[in-house]
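Scroll down for the structure; my scribbles are underneath it.
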Amino acid sequence: MSDEAVIRRVSTSFVPVAVNLYKTRNAKDAGGELFRSVQRQKDQYQGIWIVSPDGNVLAGHHEIKSHETWTQEVIEATDVALGIFGSVQPRQVEAANPLPFRGHGVQPDGGVCLAIYARQMLGGSRRTAPAGVAESRLWLWDGTLRPDGPAVIDSLALAAEQWSALSPPETKVGTTWFVPESVARLLCRVLVPSSDQSAMPRPEDAKQARLTGTVESVEGQQARIRLTGVYEAVHLIEGDATRPVRGTATADGIAVYDLKNRSMQSVSLVFRGTYGRPNDESVCATGAVVEWQH
Amino acid sequence: MKTFIVGTTVIVAAAFLGAAPDASDQALAKRVAAIKPTPEELRWQQIPWVTDLAEGQRLAQAERRPIFLWVTGDDPLERC
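Those protein sequence lines, which keep their order, are chains A and B. Those letters in the first sequence? Residues 1 to 294, by my numbering. Those letters in the second sequence? Residues 1001 to 1080, by my numbering.
Right, dumping it as structure tokens:
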């Protein structure tokens, strides 16, 4: 979807709509009704449907023939749709950030929205491989640290009380505190870098969720906080006991706390770990970033 | 959207480079850069997505043009 030709075609010829499968297919509103109608007309689990204004499916795309031809496949689907519908006037609408608070600022109710990125990784040196990784999988850490596949883009909303748990109880250097487990557990969603929410560990899946803060230094009006964590979660995909996925990670990061305003200025927490089936050596290396700034 | 992309970069700088960076900070910053999507990967955010299908249909009817409906198992525009 990041191909220039696709961006131009989608932006200028259509009303582009992006929705979550799990929410939309069960929604009781007009949008849910339209989606169910669309899915009945062209049966595909997810993907792209091109729909006339009155709700008739003009074209669809689900099965990717190959990543190399995906762009052309999408363009062809739009060609089919426009061939049926007819020509349209070029559309000129600027994209807006749908989540202005994602990773930025404190909302009026005192809550925040943390920005999350996660993905499979390769490289970085065998010395950085987590303990317990089988010898046969250590090659995953060979070479330069680099991504292995697309990033998952995610967010985590924290209520004011949950957000305050990341702040130090006092700002004397050396002060250490444990973030309440109920809050620490919320971050276990970063352990499995799948963009499909069905594979995302939920707070109740956490076997271990320990996040600790330590005031490392104070300079002027700012305290520098070291955050460290240890995580493990086992999630059943769609509740299916035969499809468990296990993620483990350690977390390390820095937060900056403003002493004068008694408020957090920035948080950046980096996870490194593995995921795969429990009791299976064939793990993949993972990385995740959780961040926010005032 | 440019603000969105630049903003996430600033967070890394603020957290790791605002104070005197040590070796571990630099390693973390390097890992952050490897994990986060590149601007090229985020170009799909340049598309003026609507996240409400009913609203999308209303716009399509008003503008007399089809809907390009993208449905995935995640929230394409984040999960928050």
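Ideal Cβ placement from N, Cα and C applies to all residues, glycine included. Remember, it's a predicted structure, so these values are computed and weren't measured experimentally.
Sub-7 Å separation of residue i and residue j beta-carbons
| i | j | result |
| --- | --- | --- |
| Gln44/A | Gly60/A | yes |
| Ala159/A | Arg119/A | no |
| Val299/A | Ile225/A | Here chain A covers residues 1 to 294 and nothing more, so residue 299/A does not appear. |
| Leu211/A | Ala184/A | yes |
| Val6/A | Val93/A | no |
| Glu291/A | Gly103/A | yes |
| Arg246/A | Ile237/A | no |
| Val17/A | Val1050/B | yes |
| Tyr117/A | Val289/A | yes |
| Leu58/A | Ile84/A | yes |
| Ala1060/B | Pro53/A | yes |
| Trp1070/B | Ser2/A | no |
| Ala30/A | Ala1062/B | no |
| Trp177/A | Gly213/A | yes |
Under 7 Å by beta carbon: chain E residues contacting residue i
| i | result |
| --- | --- |
| Gln1061/B | Going by chain labels, chain E is absent from the structure shown, which instead holds the protein chains A and B. |
Per-residue DSSP class, three states only, for residue i
| i | result |
| --- | --- |
| Ser1024/B | helix |
| Phe1016/B | Confidence is the limiting factor: at Phe1016/B the pLDDT is only 49, short of 50, which leaves the residue's position unreliable and the question unanswerable from this model. |
| Lys207/A | strand |
| Gly253/A | strand |
| Ile64/A | coil |
| Ser2/A | coil |
| Phe372/A | Residue 372/A lies beyond the range of chain A shown here (1 to 294); nothing can be said about it. |
| Ser217/A | strand |
| His59/A | The sequence shown places Ala at residue 59/A, not His. Note: Ala59/A maps to strand in three-state DSSP. |
| Trp300/A | Since the first residue of chain A shown is 1 and the last is 294, residue 300/A is not available in this structure. |
| Gln197/A | helix |
| Asp79/A | helix |
| Lys260/A | coil |
| Leu1042/B | coil |
| Thr128/A | helix |
| Ala115/A | strand |
| Val1006/B | Any reading at Val1006/B must be qualified, since the residue scores a pLDDT of 39, below 50, and its modelled position is unreliable; no value is offered. |
| Trp1049/B | coil |
| Ala1060/B | helix |
| Arg36/A | helix |
Nearest-angstrom Cβ-Cβ length linking residue i and residue j, presumed shorter than 8 Å
| i | j | result |
| --- | --- | --- |
| Ile1047/B | Ala95/A | 6 Å |
| Phe14/A | Thr24/A | The Cβ separation is near 18 Å, so there is no contact. |
| Met264/A | Leu166/A | 6 Å |
| Val192/A | Tyr275/A | 5 Å |
| Ile50/A | Pro1066/B | 5 Å |
| Val283/A | Arg127/A | Actually they are not in contact, since the Cβ atoms of Val283/A and Arg127/A sit about 17 Å apart, beyond 8 Å. |
| Leu82/A | Ser155/A | Rounded, the Cβ-Cβ distance is 34 Å, inconsistent with contact. |
Local Cβ density within 10 Å of residue i, reported as buried at 16 or more and exposed below that
| i | result |
| --- | --- |
| Ser194/A | buried |
| Thr69/A | exposed |
| His67/A | exposed |
| Phe1068/B | buried |
| Gln1026/B | exposed |
| Lys260/A | exposed |
| Ile64/A | exposed |
| Trp163/A | buried |
| Arg40/A | exposed |
| Gln328/A | Residue 328/A is absent from the model: chain A starts at 1 and stops at 294. |
| Arg1064/B | exposed |
| Ser11/A | buried |
| Pro1037/B | buried |
| Val179/A | buried |
| Gly239/A | exposed |
* Asked: Any contact of the region 80-96 of chain A with the region 111-131 of chain A, i.e. 3+ C-beta pairs under 8 Å?
  -> no
* Check whether the region 1024-1032 of chain B touches the region 266-285 of chain A, taking contact to mean three or more Cβ pairs, one atom from each stretch, closer than 8 Å. => yes
* Would you call the region 142-151 of chain A and the region 229-239 of chain A touching, i.e. three or more CB-CB distances under 8 Å? -> no
* At least 3 beta-carbon pairs within less than 8 Å: the region 100-107 of chain A vs the region 247-259 of chain A -> no
* To do: Count the C-beta pairs between the region 202-209 of chain A and the region 168-175 of chain A that are closer than 8 Å, then say yes if the count reaches three, no if not.
  => no
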